[in-house]
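>
Residue numbers (the working numbering), protein chains in the order written: chain A, 520 to 814; chain B, 501 to 801.
#1: Roughly how far, in whole angstroms, is the beta-carbon of residue 540 (chain B) from the beta-carbon of residue 745 (chain B), given that I think they are within contact range, below 8 Å?
#2: Pull up the DSSP beta-bridge partners for residue 709 (chain B), would you.
#3: Is the region 559 to 572 of chain A close to the region 657 to 666 of chain B, with three or more CB pairs under 8 Å?
#4: What are the start and end residues of the beta strand (DSSP E) that includes residue 547 (chain A)?
#5: Check for me: the alpha helix (DSSP H) holding residue 759 (chain A) runs from which residue to which?
#6: At the 8 Å Cβ level, is residue 597 (chain B) part of the contact set with chain A, yes or no?
#7: Given a cut-off of 8 Å, decide if residue 727 (chain A) and residue 594 (chain A) are closer than it, judged by their beta-carbon atoms.
#8: Which residues bound the alpha helix (DSSP H) around residue 609 (chain A)?
#9: In chain order, what are the residue ranges of uninterrupted beta strand (DSSP E) at least 3 long that sit wholly in the region 546 to 592 of chain A?
#10: To the nearest angstrom, report how far apart residue 776 (chain B) and residue 737 (chain B) are at their CA atoms.
#11: Counting beta carbon pairs with one atom in the region 683 to 702 of chain A and one in the region 714 to 732 of chain A, are three or more of them shorter than 8 Å?
#12: Would you kindly work out how many angstroms separate the C-alpha atoms of residue 517 (chain B) and residue 507 (chain B), rounded to a whole number?
#13: For residue 611 (chain A), count neighbouring C-beta atoms within 10 Å of its own C-beta (all shown protein chains included) and say buried if the count is 16 or more, exposed if not.
#14: Who are the neighbours of residue 625 (chain A) on chain B, taking C-beta pairs under 8 Å?
#15: Looking at the structure shown, is residue 715 (chain A) part of a helix, part of a strand, or coil, going by DSSP?
#16: Chain B beta carbons: is any one of them nearer than 8 Å to that of residue 673 (chain A)?
#17: Measure the alpha-carbon distance for residue 616 (chain B) versus residue 554 (chain B) and round it to whole angstroms.
#18: Below 8 Å on the Cβ atoms is my contact criterion, and I expect residue 731 (chain B) with residue 679 (chain A) to pass it. Report the Cβ-Cβ distance as a whole number of Å.
#19: Considering only their Cβ atoms, is the gap separating residue 629 (chain A) from residue 622 (chain A) smaller than 8 Å?
#20: Would residue 761 (chain A) be called buried (16 or more neighbouring beta carbons within 10 Å of its own) or exposed?
#21: Measuring CB to CB, does residue 654 (chain B) end up less than 8 Å from residue 542 (chain B)?
#22: Considering only the beta carbon of each residue, do residue 578 (chain A) and residue 530 (chain A) sit closer than 8 Å?
#23: Within 8 Å (strictly less), CB to CB, does residue 670 (chain A) reach chain B?
#24: Select from the region 676 to 692 of chain B all residues with a C-beta closer than 9 Å to any C-beta belonging to chain A, and list them in chain order.
#25: Along chain B, which residues have their Cβ under 7 Å away from the Cβ of residue 575 (chain A)?
#26: Out of B:667, B:572 and B:723, point me to the one whose CA is closest to residue 747 (chain B)'s CA.
#27: Which of the three DSSP states, helix, strand or coil, is assigned to residue 685 (chain B)?
#28: Measure the alpha-carbon distance for residue 555 (chain A) versus residue 701 (chain B) and round it to whole angstroms.
#29: Considering residue 530 (chain A), what are the terminal residues of the beta strand (DSSP E) in which it resides?
#30: Determine the closest residue to residue 724 (chain A) out of A:524, A:591, A:553 and A:528, with distance taken between C-alpha atoms.
#31: Is there a Cβ of chain B sitting closer than 8 Å to that of residue 613 (chain A), yes or no?
#32: From residue 763 (chain B) to residue 754 (chain B), what distance separates their C-alpha atoms?
#33: List the endpoints of the continuous beta strand (DSSP E) containing residue 736 (chain A).
#34: What whole-angstrom Cβ distance do residue 661 (chain A) and residue 604 (chain A) have, given they're in contact under 8 Å?
#35: Can a CB atom of chain B be found closer than 8 Å to the CB of residue 596 (chain A)?
#36: Using the beta-carbon of each residue, which ones in chain A are nearer than 9 Å to residue 523 (chain B)?
Structure below.
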């Protein structure tokens, strides 16, 4: 079995309303895949279907060669942006550790008494090191910046050695340098650990250089393929059912023009219209974030 | 003279002997210890889950329960536990509806709280005249604890702490990181209801000693202080228990040798400790920022 995710004629609906239908896609193992599309096109719904949280209303879904629910222990999942309240007095290390054995009943033994607790601590330190968060992992998570929190949350999703990593908009609230840095980190993890990574993104440009494949949801359907074969005027026009243009800037950015604005939010229309001219979130000053993992 | 009125000296052993001369004082120390340990542990989770308003509401709800039990001439403990368990279930039902918005939830809880206070007022009015009873319900009866009450409190505390030990880790996961916990198979909804019930039991037990209004001296303040001091879950939990226990016994001890009520001392001690820790923290924070400033300037340059 070389496919991580296979959808065959799959459809999904929420509360009786169809989100997308007739989706066929096959994501090979070990690839870095972005899920794109306008707001409400069903990107998060796709993750819910893969996680087994939402059964498909039609068609078949196979995840890591299993039914979605059965494959869940082998999946690492990072839900859509949760920011920790500044008053959350729990260390980053503890948040990562909860990803390892937080679902278990009973109290953990202190590391001094038990070999398995020591092993757990080492595992936590290993993934924290992997995402380059060792310097601040012992600080309360509420006091960390968005980029630092996001790295620790990726470490949390990785701590059980998943074969498939699902990241729901992990770049959403990060400033531009951090978006690139986190994308580079995710690609490195994908390559080094042979983990299949499925990342939901608003804007493909900061991650375009790292991707193997994109899945694009729009107009109640979804298509899949290498980025430059999917983000093309003819493919997207067929998907949206209206004329779409794709412009490539001299620096290699892709700008999608003419998408019917689904949600009315600027910057959400296909994610590409605005490229970066709107700039990163002004609330996130380019503070001394950790731009790259350990060299 | 001087034989019956306690006298505080430098000989701690003699002071302790004086303190434990009377059975009512021994029972107060026992009940205080039991309640403090339970409130310290449950309170730590309550503060972490940002459910202090729910906890406060349960404390207020215990008041009509106790007043109704007094009116019906049944043991007050039934009133406390019955009202708090019902209140916990009501809060759980409200939380289910208002899950999407915290503000909607807190408004609903506030409504419940006001109604509970009104009911309590009615029961006290129906009982007629006995205002001394009202004061005990609101501000506690530290020194009127019977031996059988101590036994009941001990049983409840053991049950609550045992359950908390079993649920503790997934509860922590669900409290800190609900969406991931849910995706990882943790029954977050069920844990939320279970925690409200445990909170209800702890509040009912604590309210019997501290009264409905001073519950928070043991439930919130030690936990909040502990969370200011450490962000490690194990240590924070232990510290919260130790602090709650410490202020209770110290408060009882000081009150014994002073003319002022126990409730005042316990609340003042825990409040003083909280203020002290906050002060020290912000001082060290300022100093840290002072030392960090040159680095920030370097980075900007």
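Every residue, glycine too, gets a C-beta built ideally from N, C-alpha and C.
Being a predicted model, the structure only gives us computed values, none of them experimental.
Put simply:
#1: The C-beta separation of residue 540 (chain B) from residue 745 (chain B) comes to about 7 Å, placing the pair in contact by the 8 Å criterion.
#2: In the DSSP assignment, no residue is bridged to residue 709 (chain B).
#3: No contact exists between the region 559 to 572 of chain A and the region 657 to 666 of chain B.
#4: Element bounds for residue 547 (chain A): 536 to 547.
#5: Its alpha helix (DSSP H) spans residues 752 to 759.
#6: Confidence at residue 597 (chain B) is low in this model, with a pLDDT of 45, below 50, so the placement of that residue should be treated as unreliable; the coordinate-derived value is given next. No, no contact with chain A.
#7: Not a contact, by the Cβ cut-off of 8 Å.
#8: It is not in any alpha helix (DSSP H) - residue 609 (chain A) carries neither H nor E in the DSSP assignment.
#9: Fully enclosed beta strand (DSSP E) runs of 3 or longer: 551 to 555 and 577 to 582.
#10: Taking the straight line joining both Cα atoms gives about 19 Å.
#11: The answer is yes - the region 683 to 702 of chain A touches the region 714 to 732 of chain A, with three or more Cβ pairs under 8 Å.
#12: Separation of residue 517 (chain B) and residue 507 (chain B) (C-alpha to C-alpha, rounded to the nearest whole angstrom) is 11 Å.
#13: Under this definition residue 611 (chain A) is a buried residue.
#14: Per Cβ cutoff of 8 Å: 665, 666, 668 and 669.
#15: The answer is strand: DSSP assigns residue 715 (chain A) an E or B state.
#16: Answer no: the Cβ-Cβ gap between residue 673 (chain A) and chain B never drops below 8 Å.
#17: In this structure, the straight-line span from the alpha carbon of residue 616 (chain B) to that of residue 554 (chain B) is close to 13 Å.
#18: With a Cβ gap of about 23 Å, residue 731 (chain B) and residue 679 (chain A) do not count as contacting.
#19: No, Cβ-Cβ distance for residue 622 (chain A) and residue 629 (chain A) is not below 8 Å.
#20: Per the 10 Å Cβ criterion, exposed.
#21: Cβ atoms of residue 654 (chain B) and residue 542 (chain B): not closer than 8 Å.
#22: The beta carbons of residue 578 (chain A) and residue 530 (chain A) sit closer together than 8 Å.
#23: With a threshold of 8 Å between beta carbons, residue 670 (chain A) makes no contact with chain B.
#24: Going along the region 676 to 692 of chain B in chain order, one finds 676, 677, 678, 679, 680, 681, 682, 683, 684, 685 and 686 with a Cβ nearer than 9 Å to chain A.
#25: Those do not exist, as residue 575 (chain A) stays about 18 Å from chain B at its closest Cβ, beyond 7 Å.
#26: Checked all of B:667, B:572 and B:723; the closest Cα to residue 747 (chain B) is B:723.
#27: Three-state result, residue 685 (chain B): coil.
#28: So the two alpha carbons sit approximately 49 Å from each other.
#29: Run containing residue 530 (chain A): 522 to 533, per the beta strand (DSSP E) assignment.
#30: It is A:553.
#31: Cβ-Cβ to chain B under 8 Å: yes for residue 613 (chain A).
#32: So the two alpha carbons sit approximately 11 Å from each other.
#33: Segment 732 to 737, the beta strand (DSSP E) holding residue 736 (chain A).
#34: Yes, residue 661 (chain A) and residue 604 (chain A) are in contact; Cβ-Cβ is about 6 Å, under 8 Å.
#35: Taking CB atoms only, residue 596 (chain A) has a neighbour in chain B less than 8 Å away.
#36: Correct list: empty, because the minimum Cβ distance to chain A is about 36 Å.
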